[in-house]
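Below is one structure; the comments refer to it alone.
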Amino acid sequence: MTQVTDHGGGVRSLRVPIPDNPLGHTLVYVVDTDRGPVLIDTGWDDPESWDTLARGLTACGTSAAEIHGVVITHHHPDHHGLSGRVREASGAWIAMHAADTAVVRRTREARPERWFTYMAAKLAAAGAPEEHIAPLRAPRPGALPGLSPALPDRDIVPGELLELPGRRLRAIWTPGHTPGHVCLHLEESHPARLPGQGRLFSGDHLLPGITPHIGLYEDPDDATITDPLGDYLDSLERVGRLAPAEVLPAHQHPFSDAAGRVRELLTHHESRLTALLALLAEPLTPWQLAERMEWNRPWDQIPYGSRTIAVSEAEAHLRRLVKSGRAEAVPGSDPVRYAAA
578 MTQVTDHGGG VRSLRVPIPD NPLGHTLVYV VDTDRGPVLI DTGWDDPESW DTLARGLTAC
638 GTSAAEIHGV VITHHHPDHH GLSGRVREAS GAWIAMHAAD TAVVRRTREA RPERWFTYMA
698 AKLAAAGAPE EHIAPLRAPR PGALPGLSPA LPDRDIVPGE LLELPGRRLR AIWTPGHTPG
758 HVCLHLEESH PARLPGQGRL FSGDHLLPGI TPHIGLYEDP DDATITDPLG DYLDSLERVG
818 RLAPAEVLPA HQHPFSDAAG RVRELLTHHE SRLTALLALL AEPLTPWQLA ERMEWNRPWD
878 QIPYGSRTIA VSEAEAHLRR LVKSGRAEAV PGSDPVRYAA A
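Position in the sequence shown (from 1) plus 577 gives the number in this note's numbering.
This is the structure:
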């Protein structure tokens with residue numbers, strides 16, 4: 578059965594499944610407005626997910642056809658995947674931060690082969706072994722999810738209130754997990770009168786029991802040298818200062834004490850950076866570093882796709898160490914190796 582949770586004050590959440598993913602589901606929020614319900618995120622583009630979303634909306638006394646708008650925290654397919662179907666059913670607008678809209682636009686325009694070629698080159702540069710790269714050299718078109726995501730028609734402007742009649746929902750730009758990730762601050766009294774400043778829809782930025790993936794922003798047509806982990810840490814501090822009464826995340830469950838959770842995550846990432854510096858006492862490629870990092874299981878038990886994600890996370894940590902002057906690339910190494918400075 579579809580699980581619907583009423584959070585009070587015209588806010589409910591639906592558990593929309595993510596197929597074959599340990600996260601299990603995305604929490605899609607239904608926010609009542611004077612013009613009709615607005616969704617915050619939509620879930621994965623999958624028949625079971627769509628059916629679950631539709632049943633949940635019916636349980637809320639509405640339907641996909643009545644949705645007024647869709648606000649997307651970030652472009653990943655477990656959040657943005659069903660946006661197009663909702664818009665087809667209702668004519669709803671879709672809003673997203675411009676940085677993630679640019680990613681969506683480039684994703685729609687790039688052929689699948691372009692992505693496989695790009696990822697193969699990136700992994701080779703990171704020192705991945707040939708057996709890991711080989712499957713990317715003979716891709717099957719359409720093998721990647723989210724290749725034709727819906728193009729948003731409204732920009733979410735950081736610091737501004739969204740056009741939700743009868744509600745005060747302010748956009749907070751929180752890059753890191755993606756370049757255009759946003760949290761959404763509902764600047765209204767908490768319905769249970771919990772102490773704090775309203776409620777925060779945190780997407781994947783702030784989760785109660787897990788840390789979001791922070792890897793390099795993958796984009797074959799954008800060679801900008803970014804620092805996603807640095808972006809994330811700065812964004813965490815910004816959210817901590819909001820002091821919301823309650824956080825409504827996109828996964829797991831709602832929680833209070835946002836500032837405390839922010840402190841935990843800042844401590845976690847600093848400890849991890851310190852541990853990586855110890856590993857970099859000898860020069861390592863990003864792949865070698867990923868092999869030695871602590872994960873939720875031994876490296877030889879990590880599935881193929883998750884290893885690629887792990888290498889991207891290792892690279893993001895290396896980028897932060899290099900930018901902060903604590904590590905540096907070894908001149909002339911190929912594939913490039915890094916060592917503590």
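Every residue gets a Cβ at the ideal spot worked out from N, C-alpha and C, and that includes glycine. If you're wondering where the values come from, they're calculated on a predicted model, not measured in any experiment.
- Assignment of Gly-780 by DSSP, reduced to helix, strand and coil, places it in the strand class.
- Within the same chain, Cβ atoms closer than 8 Å to the Cβ of Trp-872 are found at Ile-879 and Ala-887, the five residues on either side in sequence being excluded.
- With a cut-off of 8 Å on Cβ pairs, the segment 824-836 is in contact with the segment 582-596, counting three or more such pairs.
- When Arg-662, Arg-688, Arg-731 and Trp-670 are compared, the shortest CA-CA separation from Trp-627 is found for Arg-662.
- Glu-764: not part of any alpha helix (DSSP H); DSSP gives it neither H nor E.
- Rounded to the nearest angstrom, the Cβ distance from Ile-733 to Leu-741 is 12 Å, too far for a contact under 8 Å.
- In this structure, DSSP gives Tyr-915 an extended state, which the three-state scheme calls strand.
- Annotated three-state conformation of Arg-592 is strand, per DSSP.
- Counting of Cβ neighbours within 10 angstroms places Glu-847 among the exposed residues, the total staying below 16.
- Along the length of the segment 601-642, whole alpha helix (DSSP H) runs at least 4 residues long occupy 624-636, reported in chain order.
- Closest option to Thr-639, judged by alpha-carbon separation, among Glu-890, Pro-729 and Leu-616: Leu-616.
- Collapsing the DSSP output to three states places His-653 in coil.
- For the segment 800-865, the full-length alpha helix (DSSP H) segments reaching 4 residues or more read 805-819 and 835-856 along the chain.
- Per the DSSP secondary-structure output, Thr-582 pairs in a beta bridge with Ser-590.
- A distance below 8 Å separates the beta carbons of Ile-649 and Ala-672.
- Look at Val-681 here: in three-state DSSP terms it is helix.
- Annotation: His-894 is outside any beta strand (DSSP E); the continuous alpha helix (DSSP H) that includes it extends over 881-900.
- Counting the other CB atoms within 10 Å of its CB gives Gly-786 a total below 16, which places it among the exposed residues.
- Within a 10 Å sphere around the beta-carbon of Gly-736 sit fewer than 16 other beta-carbons, which makes this residue exposed.
- Annotation for Glu-905: the continuous beta strand (DSSP E) segment containing it runs 904-906.
- Between Leu-819 and Leu-898, the CB-CB gap reaches or exceeds 8 Å.
- The bridge partners DSSP lists for Val-648 are Ile-617 and Ala-672.
- When secondary structure is reduced to three states using DSSP, Ala-727 falls in the coil class, being assigned neither helix nor strand.
- Cβ-Cβ separation between His-845 and Thr-803: approximately 21 Å, too far for a contact (criterion under 8 Å).
- Among the bridge pairs identified by DSSP, Arg-747 is matched with Leu-738 and His-762.
- The beta-carbon distance between Leu-728 and Val-681, rounded to whole angstroms, is 6 Å. This is short enough to meet the 8 Å contact definition.
- C-alpha of Ala-676 to C-alpha of Ser-766: approximately 31 Å in a straight line.
- For Glu-708, the enclosing alpha helix (DSSP H) has its first and last residue at 707-710.
- Thr-694: member of the alpha helix (DSSP H) spanning 689-702, first to last residue.
- Under the criterion of beta carbons closer than 8 Å, His-602 and Arg-592 qualify as touching, at roughly 4 Å.
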